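J.:
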Amino acid sequence: MTTFKRNVYERAVYQEPAPIRDNENPFEAMVERFDVAAKILGLDPGLYEYLVTPSRIHITAIPVVMDDGRLRVFEGYRVIHNEILGPSKGGIRYAPDVHLEEVKALAAWMTWKCALVNVPFGGAKGGVICNPKEMSPGELERLTRRYTANMIDVFGPDKDIPAPDMNTNEQIMAWILDTYSMHSRRTENAVVTGKPIILGGSRGRREATGRGVMTVTLAAMERLGMRPGDSTVAVQGFGNVGSIAAQLLRDQGCRIVAISDVTGGYHNAGGIDIDAAIAYAAAHGNTLEGFPGAEPITNDELITCACDVLVPAAKEDQVTRHNAPNIQAKIIAEGANGPTTPRADDILNERGIMVIPDILANAGGVTVSYFEWVQDRQGYFWTTERVNSRLDRMMRTAFDQVFDVAQKHDVSLRIAAYVDSIRKVADALRLRGIYA
Ligand code: NAD
Numbered sequence: 004m005t006t007f008k009r010n011v012y013e014r015a016v017y018q019e020p021a022p023i024r025d026n027e028n029p030f031e032a033m034v035e036r037f038d039v040a041a042k043i044l045g046l047d048p049g050l051y052e053y054l055v056t057p058s059r060i061h062i063t064a065i066p067v068v069m070d071d072g073r074l075r076v077f078e079g080y081r082v083i084h085n086e087i088l089g090p091s092k093g094g095i096r097y098a099p100d101v102h103l104e105e106v107k108a109l110a111a112w113m114t115w116k117c118a119l120v121n122v123p124f125g126g127a128k129g130g131v132i133c134n135p136k137e138m139s140p141g142e143l144e145r146l147t148r149r150y151t152a153n154m155i156d157v158f159g160p161d162k163d164i165p166a167p168d169m170n171t172n173e174q175i176m177a178w179i180l181d182t183y184s185m186h187s188r189r190t191e192n193a194v195v196t197g198k199p200i201i202l203g204g205s206r207g208r209r210e211a212t213g214r215g216v217m218t219v220t221l222a223a224m225e226r227l228g229m230r231p232g233d234s235t236v237a238v239q240g241f242g243n244v245g246s247i248a249a250q251l252l253r254d255q256g257c258r259i260v261a262i263s264d265v266t267g268g269y270h271n272a273g274g275i276d277i278d279a280a281i282a283y284a285a286a287h288g289n290t291l292e293g294f295p296g297a298e299p300i301t302n303d304e305l306i307t308c309a310c311d312v313l314v315p316a317a318k319e320d321q322v323t324r325h326n327a328p329n330i331q332a333k334i335i336a337e338g339a340n341g342p343t344t345p346r347a348d349d350i351l352n353e354r355g356i357m358v359i360p361d362i363l364a365n366a367g368g369v370t371v372s373y374f375e376w377v378q379d380r381q382g383y384f385w386t387t388e389r390v391n392s393r394l395d396r397m398m399r400t401a402f403d404q405v406f407d408v409a410q411k412h413d414v415s416l417r418i419a420a421y422v423d424s425i426r427k428v429a430d431a432l433r434l435r436g437i438y439a
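With the numbering used here applied, the sequence shown closes on residue 439, and no number is skipped along the way.
1) Can you tell me where the alpha helix (DSSP H) holding ALA429 begins and where it ends?
2) When DSSP labels each residue in this structure, what does GLU13 get in the three-state scheme?
3) Please classify TYR438: does DSSP put it in a helix, a strand, or coil?
4) Can you check whether the C-beta of GLY296 is within less than 8 Å of a C-beta belonging to chain E?
5) Under the three-state reduction of DSSP, which class applies to HIS102: helix, strand or coil?
6) Nearest by alpha-carbon distance to ASP403: which of VAL120, PRO66 and LEU46 is it?
7) Would you mind working out which of ILE359, PRO345 and ASP278 sits nearest ALA316, comparing C-alpha positions?
8) Pull up the CB-CB distance for VAL314 and GLY341, whole angstroms please, since I reckon it's below 8 Å.
9) Quick one: is the Cβ of ALA248 within less than 7 Å of any heavy atom of the ligand NAD?
10) How is GLU78 classed by DSSP in three states: helix, strand or coil?
11) Does the pairing of the region 205 to 225 with the region 183 to 191 give three or more beta-carbon distances under 8 Å?
12) Beta-carbon separation of THR212 and ASN243 under 8 Å?
13) Decide yes or no for the touch test of the region 81 to 89 against the region 114 to 129: beta carbon pairs closer than 8 Å, at least 3 of them.
14) Scan the region 343 to 403 and note each continuous beta strand (DSSP E) run of 3 residues or more that stays entirely inside, going in chain order.
15) Taking 8 Å as the limit between beta carbons, can you name the residues of its chain near LEU432, skipping five residues before and five after?
16) Note down the Cα distance separating GLU105 from ALA98, rounded to an integer number of angstroms.
17) Go through the region 35 to 87 residue by residue and report every complete run of the beta strand (DSSP E) that reaches 3 residues or more, in order.
18) Report back the beta-carbon spacing between LEU180 and LEU202 to the nearest angstrom; my notes put them in contact at under 8 Å.
19) Assuming THR171 and ARG258 form a contact by the criterion Cβ under 8 Å, report the distance between their Cβ atoms to the nearest whole angstrom.
20) How would you write the range of the beta strand (DSSP E) that THR235 sits in, first residue to last?
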């Protein structure tokens with residue numbers, strides 16, 4: 004079992020029981036899927052080694068003077084997995100349980116995700132071990148600015164472009180933009196995406212990942228002959244991805260029967276009022292705790308509840324070999340990164356449940372991040388309609404592409420997504436050659 008270095012202070016504070024995981028190491032979970040795709044592609048062993056290995060790993064100590072005057076040192080990471088298709092791109096995660104293996108896996112997924120939706124970026128990911136829920140805005144700002152300053156030679160509009168992920172938001176992107184710009188002596192708004200619109204953000208970016216989840220879910224329903232108006236949906240995680248996916252699928256006629264967040268799940272077979280849930284969470288410190296419009300259930304009960312579509316939109320390793328045999332959904336649309344373990348995948352495949360894999364289902368975020376970067380560099384900003392119609396088209400094209408590859412090789416959509424994206428990156432690498 005891999006052990007992960009932790010901030011001493013955090014270890015003293017966080018003593019949550021370890022979750023039941025099929026894969027202690029998410030990077031190994033990524034490599035396991037990669038291996039199957041590599042075999043189908045007949046990938047040369049040297050090329051295999053190159054594509055699976057992160058290109059660079061940056062680990063940094065981030066000293067922060069807390070509001071009470073104490074000095075604390077946080078550990079931060081930025082992993083550049085691959086830059087063959089373009090500058091690397093990927094979010095930054097703030098959480099107490101961030102660890103390097105997770106960041107490595109997330110960086111690799113970014114490489115495959117960008118290739119899959121034909122966005123000219125490589126893959127990266129960042130993370131800081133901290134608990135933003137216990138930090139003041141001032142502490143978060145100092146942490147973000149120092150992390151950015153420590154990564155000043157890593158980040159850059161033509162090098163590596165961060166974005167939001169779990170517990171990071173538009174405000175944090177604005178601080179990154181400002182810190183980077185102060186060092187560059189000019190405003191560099193293309194250095195991050197997911198910024199506020201006034202600072203060069205894109206219309207539609209906030210909703211993009213949830214919107215992409217909706218688009219591919221509708222495409223999958225079509226293939227299975229399911230009608231949104233007759234379908235029920237359960238959504239795990241009620242943050243950016245989960246709440247927007249729930250709202251947009253509701254707008255398409257689906258009945259949302261369960262939602263959840265870190266505080267637990269909420270079930271109503273008659274349908275949950277999603278706008279009321281969003282308003283409730285906004286008024287209660289971004290949690291659903293105590294939400295009156297539904298019966299409380301556990302997060303594990305949500306995963307196996309009666310529904311046609313399950314959208315895991317919280318975190319990794321939620322669909323495991325323990326709950327996969329009891330899942331009732333016909334479609335799983337992975338809003339989160341890595342929510343299904345490889346063991347669970349085997350069970351779901353055997354049971355004929357269609358899993359729209361993370362690197363496809365949640366690629367709407369990076370697609371509109373790409374639009375944002377293009378708009379920043381042009382200094383010309385698009386309408387919401389233009390953003391959404393281009394996003395819908397790219398997601399739809401990617402879904403159809405993956406579906407065709409799955410049929411051709413008689414594999415799951417996940418393996419097909421890996422085959423398609425690894426093939427593209429491998430082709431680009433062959434053309435570029437190896438610099439010696
Ligand atoms: P977020 O911080 O806005 O929301 C996360 C949600 O998950 C919160 O409601 C939180 O309470 C809940 N949660 C956390 N731990 C949980 C647990 N153990 N059980 C149930 N719920 C839990 O984050 P987000 O941006 O919505 O990201 C969610 C997932 O989607 C992550 O895996 C992220 O990597 C992935 N993702 C996000 C984007 C994006 O654009 N935001 C893009 C691609 C992928």
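Just so it is clear, CB atoms sit at the ideal spot from N, CA and C, and this is done for glycine as well. Please read all numbers here as calculations on a predicted model, not as lab measurements.
T.: With the structure as the only source:
1) Counted from its first residue, the sequence shown places residue 429 at position 426. Looking at the DSSP string, the run of the alpha helix (DSSP H) that includes ALA429 is 416 to 435.
2) Position 10 of the sequence shown, counting from 1, holds the residue named residue 13. For GLU13, the predicted structure reports a pLDDT of 35, less than 50, and the residue's modelled location is therefore unreliable. A value from the coordinates is still provided. Looking at GLU13 - three-state DSSP - the assignment turns out to be helix.
3) Here residue 438 refers to the residue found at position 435 when the sequence shown is read from its first residue. Residue state, collapsed to three classes: coil.
4) Of the protein chains in this structure there is only one, and it is not chain E.
5) As a working note, residue 102 is residue 99 in the sequence shown. Correct three-state label for HIS102: coil.
6) Stepping through the sequence shown from its first residue, residue 403 is reached at position 400. For the residues VAL120, PRO66 and LEU46, the minimum Cα distance to ASP403 belongs to VAL120.
7) Taking the sequence shown and counting its residues from 1, one reaches residue 316 at position 313. If we check each option's Cα against that of ALA316, ILE359 comes out closest.
8) On the sequence shown, residue 314 is found 311 positions in, with the first residue counted as 1. On the sequence shown, residue 341 is found 338 positions in, with the first residue counted as 1. Not really, about 14 Å apart at Cβ, beyond 8 Å.
9) Along the sequence shown, read from residue 1 onward, the residue named residue 248 stands at position 245. Because no heavy atom of the ligand NAD lies under 7 Å away, the Cβ of ALA248 does not count as near it: no.
10) Walking along the sequence shown from the start, residue 78 turns up at place 75. Residue state, collapsed to three classes: strand.
11) no
12) Taking the sequence shown and counting its residues from 1, the one referred to as residue 212 is at position 209. Taking the sequence shown and counting its residues from 1, the one referred to as residue 243 is at position 240. The answer is yes: Cβ separation under 8 Å.
13) yes
14) 357 to 359
15) Walking along the sequence shown from the start, residue 432 turns up at place 429. The answer, listed in chain order, is LEU50, TYR53, LEU54 and ILE87.
16) Locating residue 105 in the sequence shown gives position 102, where the first residue counts as 1. Locating residue 98 in the sequence shown gives position 95, where the first residue counts as 1. C-alpha separation (whole angstroms): 12 Å.
17) 59 to 68 and 74 to 85
18) In the sequence shown, counting from the first residue as 1, residue 180 sits at position 177. In the sequence shown, counting from the first residue as 1, residue 202 sits at position 199. Confirmed, about 6 Å.
19) If you number the sequence shown from 1, residue 171 lands on position 168. If you number the sequence shown from 1, residue 258 lands on position 255. Between ARG258 and THR171 the Cβ distance is about 32 Å, and since that is not below 8 Å, they are no contact.
20) Here residue 235 refers to the residue found at position 232 of the sequence shown. Here the beta strand (DSSP E) through THR235 covers 235 to 239.
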